[in-house]
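Q:
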Amino acid sequence: MLGGSEQYWKKFQRFAFSFSGELNSENYYDKLDNTTEFSKYFPLCNKLITYPNGRKVKIICAKLLKYLITNKILRSKDNEYDFCILLNYWVFNSLNLIFQSKYNSYIYRAFGDIELIWNSFIEDNLKETKNETCTAISKLITPDDWKYRKELYDYFADYNQIIQNIKLFPNRCEDFYEYIESKAHLYEHFSNRCQSSNQNMCPDFYKDCIEYDPKKVLRTLSCHDKMEEKKAALLKLKPEYSGAMRSDRQPEAAVPEAVMLSSGDSELNRVNSHPATKAGNILLGVVATSLTSGALYRFTPLGNMLRNGFGRNHNMRNFNGGDNGLFDYASESFNPYLGGAEEHYIGYHPA
Numbered sequence: 010m011l012g013g014s015e016q017y018w019k020k021f022q023r024f025a026f027s028f029s030g031e032l033n034s035e036n037y038y039d040k041l042d043n044t045t046e047f048s049k050y051f052p053l054c055n056k057l058i059t060y061p062n063g064r065k066v067k068i069i070c071a072k073l074l075k076y077l078i079t080n081k082i083l084r085s086k087d088n089e090y091d092f093c094i095l096l097n098y099w100v101f102n103s104l105n106l107i108f109q110s111k112y113n114s115y116i117y118r119a120f121g122d123i124e125l126i127w128n129s130f131i132e133d134n135l136k137e138t139k140n141e142t143c144t145a146i147s148k149l150i151t152p153d154d155w156k157y158r159k160e161l162y163d164y165f166a167d168y169n170q171i172i173q174n175i176k177l178f179p180n181r182c183e184d185f186y187e188y189i190e191s192k193a194h195l196y197e198h199f200s201n202r203c204q205s206s207n208q209n210m211c212p213d214f215y216k217d218c219i220e221y222d223p224k225k226v227l228r229t230l231s232c233h234d235k236m237e238e239k240k241a242a243l244l245k246l247k248p249e250y251s252g253a254m255r256s257d258r259q260p261e262a263a264v265p266e267a268v269m270l271s272s273g274d275s276e277l278n279r280v281n282s283h284p285a286t287k288a289g290n291i292l293l294g295v296v297a298t299s300l301t302s303g304a305l306y307r308f309t310p311l312g313n314m315l316r317n318g319f320g321r322n323h324n325m326r327n328f329n330g331g332d333n334g335l336f337d338y339a340s341e342s343f344n345p346y347l348g349g350a351e352e353h354y355i356g357y358h359p360a
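360 is the number that the numbering used here gives the last residue of the sequence shown; the numbers go up by one with no jumps.
#1: Can you have a look at T298 and say buried or exposed, based on whether 16 or more other CB atoms are within 10 angstroms of its CB?
#2: Between the alpha carbons of L243 and Q109, how many angstroms are there, rounded?
#3: Going by the CB atoms, is the gap between L53 and E141 shorter than 8 Å?
#4: Using a 10 Å radius around the Cβ and a threshold of 16 neighbouring Cβ atoms, would you call I189 buried or exposed?
#5: Would you call E238 buried or exposed, if buried means 16 or more other Cβ atoms sit within 10 Å of its Cβ?
#6: Determine the extent of the alpha helix (DSSP H) in which M236 is found, giving its start and end residues.
#7: I need the straight-line Cα distance from F215 to K75, nearest angstrom please.
#8: Please state the DSSP three-state secondary structure of N80.
#9: If we count Cβ pairs, one from each stretch, closer than 8 Å, do we get three or more for the stretch 59–79 versus the stretch 110–119?
#10: Take I171 and list the residues in its own chain whose beta-carbon comes closer than 6 Å to its own, dropping the five residues that flank it on each side.
#11: Measure the alpha-carbon distance for L77 versus C70 and round it to whole angstroms.
#12: Leaving out five residues before and five after V226 in sequence, what residues of the same chain have Cβ atoms less than 7 Å from its Cβ?
#13: Pick helix, strand or coil for L372, following the three-state DSSP scheme.
#14: Judging by CA-CA distance, which residue of D122, K192, N80, I126 is the nearest neighbour of T138?
#15: Buried or exposed: which applies to E183, given that a residue is buried once 16 or more other Cβ atoms fall within 10 Å of its Cβ?
#16: Quick one: Cα of N132 to Cα of I123, how far?
#17: With a CB to CB cut of under 8 Å and the five nearest residues on each side skipped, what residues in its chain are close to L95?
#18: Name the residue from L230, K72, L41, H198 whose alpha carbon lies nearest to the alpha carbon of S48.
#19: In whole angstroms, what separates the C-alpha of R228 from that of N174?
#20: With a Cβ-Cβ cutoff of 8 Å, do Y98 and K159 count as a contact?
#21: For the alpha helix (DSSP H) containing S110, list its first residue and its last residue.
#22: For T151 and C93, I'd like the C-alpha separation in whole angstroms.
#23: Among N134, F130, P179, F101, whose alpha-carbon lies nearest the alpha-carbon of A119?
#24: For the ligand GTP, I want to know if N55 counts as a neighbour, meaning its beta carbon is within less than 7 Å of at least one of the ligand's heavy atoms.
#25: Anyone know if the C-beta pair for A193 and K156 falls short of 8 Å?
#26: So Y196 packs on D213, CB below 8 Å; how close in whole Å?
#27: The alpha helix (DSSP H) spanning R202 covers which residue range?
#28: From the DSSP output, in three-state form, read off G63 for me.
#29: What does the alpha-carbon distance come out to for the pair H233 and L57?
#30: Write down the C-beta distance between L125 and V66 rounded to the nearest angstrom, noting that I regard them as a contact closer than 8 Å.
#31: Expressed to the nearest angstrom, what Euclidean distance is found between the alpha-carbon atoms of P245 and E187?
#32: What is the DSSP secondary structure of I150, reduced to helix, strand or coil?
#33: Only counting the same chain, and skipping five residues up and downstream in sequence, which positions put a Cβ closer than 7 Å to that of L41?
#34: So F185 is in the alpha helix (DSSP H); what residue range does that whole segment cover?
#35: Counting along the chain, where does the alpha helix (DSSP H) carrying S53 start and finish?
Laid out in C-alpha cells, this is it:
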C-alpha cells in the first residue's frame, strides 16, 4: 500500500484522526449527518424522488426540516459565526456527494427545489421564530468556486477554537500551525477576486475572514520559529522538495513524490535507477513526509478520506472548481447519502 511501504501507512493511521471532534465546522456537519427520526418529514420532500438517487435527496431534505424544527433560533448577532451559512453549505455539499460528476447538472436544480420546500416550511411551521430561523442562501452557491467559499467559512468558524486549543495544549502547536498554513491558498484566491468591482466575485463573509489570513497569524504562534527552522532544514536537504511545505500549493499537489509511487511510473525509476540514488531519494521522501505529515494526512483530500474511514466526506475538494470523481467520492458502504441510510444510518466516529 502506498508504494509498498508499511511505514507510510502507519503515518496515515497516526495522523488521520488527530483533529476529530475539535473543529466547530466538523462537529456541526456531524450533527446534521447523524440526525435521526426524520421520516415524518418525508411527505414534504416527496417531489424530490424524481431525481436520480431521489431517495437520498429526500433524506437530506427531511434531515434539514427536522433540524430546523428542533433548532428554531439559530440567527443571532451574539453567535461567533453564522450557523446558517454552514447549514446551506451542508445541504449543497450533501447534494454534490449524492449526484457526483455523473449527475452534476442536477445539483443546482435540486438545491432550488429544496429551497422552495425550506421557505414554505418556515412559513407554515416557524412563523413565530421566522427572523431567527435559517433560510436558504442561494448566493452562497457559486458554480466556479463554491468549494473554496465553503472551505474558507469552515476555517473562519474553526479559527477561534484552534487558537484556544493552542493556548491550552502548547505541545500541539505544530499540528494547528500546519492546519492554518494549509488555508493560505484560499486567501490568495479571494484576495484577487475581491478586488473586482463585481460583487458576485467575492463572498460577503470574506471581510470577516481577513484577519485570519495565515500570513498574518502564523508568525504570532509560539511554534513559528521552530516551524521555520524545520522548513529551512528541509530546503537544505534537497531543493526539489522545497515545494512540499509551500503554503501556496494546492493540497493535492503537496504530497512528496516518494509517497505517490506507483508500480508503473515512479519518480525513482524515471530519474535514476542507481541503488544509492534510490536510497537517498527514499530517505528524503521520508523526511519530507514527516515534516509535512499534518498537512498531508489531515488537510488534504487523501487525509480526509482516511480520517473519515473512506466514508463520509465534508471537505473533499477539487481546487479547479469542478467535481472530481475521486475526491468527491465517499464509498457507498459508509456514505449516508448513497443508500441504506434513512433513519437507520449510524455515523462512524473514530475512537
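The beta carbon of each residue, even a glycine, is placed where N, CA and C say it ideally should be.
A: According to the structure data:
#1: Its pLDDT being 45, under 50, T298 is placed unreliably in this model, and the value from its coordinates should be taken loosely. Buried.
#2: 38 Å
#3: no
#4: buried
#5: exposed
#6: 233–246
#7: Residue identity check: residue 215 is Tyr in the sequence provided, not Phe. In a straight line, the C-alpha of Y215 is about 30 Å away from that of K75.
#8: coil
#9: yes
#10: F185
#11: 11 Å
#12: I189
#13: No information on residue 372 is available, as it lies outside the stretch 10 to 360 that the chain covers here.
#14: N80
#15: buried
#16: Per the sequence presented here, residue 132 reads as Glu, with Asn not at that position. Rounded to the nearest angstrom, the two C-alpha atoms are 14 Å apart.
#17: S34, Y37, Y38, Y162, D163, A166
#18: K72
#19: 17 Å
#20: yes
#21: It is not in any alpha helix (DSSP H) - S110 carries neither H nor E in the DSSP assignment.
#22: 17 Å
#23: F101
#24: The ligand content of the structure shown is nil, which means the ligand GTP is not present either.
#25: no
#26: Actually they do not touch by this definition, with Cβ atoms about 16 Å apart.
#27: 193–202
#28: helix
#29: 50 Å
#30: L125 to V66, Cβ: 13 Å. No contact.
#31: Correcting the residue identity first, residue 245 is Lys in this sequence and not Pro. Each residue's Cα considered, the two are about 20 Å apart.
#32: coil
#33: K72, Y76, W99
#34: 182–190
#35: The identity of residue 53 in the sequence shown is Leu, whereas the question assumes Ser. Unbroken run through L53: none, as it is neither H nor E.
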